[in-house]
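What follows is a short report on a single structure.
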Amino acid sequence: MLRALILTTAITSALALPSTGFAAGSDDNAKPKKTETTQNCLNVRQWDPDKNAYVRFSQPVNGVWDAKIGKCVRPDKTSYLDADELYKAVRELAYAGRYNEANTVLDQMPDQAEDRVLTYRGFTARKTGQLELANVFYQQAIDANPDNILARSYMGQGKVVEGDTVAAMIQLREIQARGGAGTWAEASLRDAIETGTTYNY
13 MLRALILTTA
23 ITSALALPST
33 GFAAGSDDNA
43 KPKKTETTQN
53 CLNVRQWDPD
63 KNAYVRFSQP
73 VNGVWDAKIG
83 KCVRPDKTSY
93 LDADELYKAV
103 RELAYAGRYN
113 EANTVLDQMP
123 DQAEDRVLTY
133 RGFTARKTGQ
143 LELANVFYQQ
153 AIDANPDNIL
163 ARSYMGQGKV
173 VEGDTVAAMI
183 QLREIQARGG
193 AGTWAEASLR
203 DAIETGTTYN
213 Y
């Protein structure tokens with residue numbers, strides 16, 4: 013009884029903090045913008061920069077649009093692109109539900125230990141039902157950067173899916189304590205705790 017009262021008080025306290033809404037300024041706080049990557053690059057034919065020619069796959073593959081050459085590049089041959097471009101492609105592909113291609117592009121990122129890479133590995137794992145693996149990646153991202161509030165939000169949303177509201181609240185309070193009050197990371201996790209609905213970006 014006392015434990016339930018304490019838990020209820022903690023949840024109410026964390027949820028009562030003010031939120032400025034769901035859209036802050038960084039790319040991580042808004043839905044990924046649709047580009048040619050998800051509008052025009054789901055094809056059996058993809059550009060291979062190593063061969064300097066198009067190659068055919070047995071089924072459609074979602075390539076990554078390279079605006080400089082005006083072609084859809086096969087996802088496993090995109091390592092020459094800038095890391096920020098790759099990250100944007102990962103977010104766009106993941107939002108479109110193209111998790112295999114998102115992971116393939118993640119494989120091309122130059123620093124596999126970077127916390128944003130680990131964060132999105134966790135995200136794609138969670139969205140494909142691999143909750144335990146997702147938590148491993150989220151924890152690695154948080155260990156690398158304790159102030160990664162996006163990883164904390166995603167981890168908390170995964171805990172909501174698991175039915176572990178207490179663990180989700182722990183991450184919400186960490187986000188708030190680390191200056192994340194009013195950010196998308198906080199707002200999306202807060203909403204997930206209140207409604208049970210998680211987000212796909």
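No gaps in the numbering here: position 178 of the sequence shown is 190 in this note's numbering, and each next residue is one more. Yeah, the Cβ is synthetic: ideal placement off N, Cα and C, and Gly gets one too. Model, not experiment: these values are computed from the prediction.
Buried/exposed call for A206, threshold 16 Cβ in 10 Å: It should be noted that the sequence gives Glu, not Ala, for residue 206. Classification for E206: exposed.
Short of 6 Å in beta carbon distance, which residues of its chain neighbour A114, apart from the five on each side in sequence? Order them along the chain. V102, L105, A106 and T136
Taking 8 Å as the cut-off, decide whether the C-beta atoms of V67 and V76 are in contact. no
Anticipated Cβ contact below 8 Å, R138 with Y99, distance rounded: Between Y99 and R138 the Cβ distance is about 18 Å, and since that is not below 8 Å, they are no contact.
Once DSSP output is grouped into helix, strand and coil, what is the label at S200? helix
Starting from the C-beta of N74, find all residues in its chain whose C-beta is less than 8 Å away, skip the five residues before and the five after it, and write them out in chain order. T49, T50, C53, L54, P87, L105, A108, R110 and E113
Buried or exposed for K89, going by 16 or more other Cβ atoms inside 10 Å? buried
Check whether the Cβ atoms of T131 and L162 lie closer than 8 Å to each other. yes
Strand pairing of V85, partner residues [DSSP]: W59 and V76
Please identify the residue among E97, D62, D203 and D159 whose C-alpha is closest to the C-alpha of A79. E97
Endpoints, alpha helix (DSSP H) assigned at K43: K43 -> no alpha helix (DSSP H), and no H or E assigned at all.
Status (buried if at least 16 other CB within 10 Å, exposed otherwise) for K46: exposed
Between the Cα of Y150 and the Cα atoms of G141, D159, R164 and Q142, which residue gives the shortest distance? R164
Local Cβ density within 10 Å of N212, reported as buried at 16 or more and exposed below that: exposed
Identity of the residues DSSP links to Y111 by a beta bridge: BP columns for Y111 are empty, so no partner.
With burial defined as no fewer than 16 other Cβ atoms inside 10 Å of the residue's Cβ, what is the status of A125: buried or exposed? exposed
Using a 10 Å radius around the Cβ and a threshold of 16 neighbouring Cβ atoms, would you call E198 buried or exposed? buried
In three-state DSSP terms, what is S70? strand
At which residues does the alpha helix (DSSP H) containing A64 begin and terminate? The sequence given here places Asn at residue 64; Ala does not occur at that position. Neither: N64 is in no alpha helix (DSSP H) and is coded neither H nor E.
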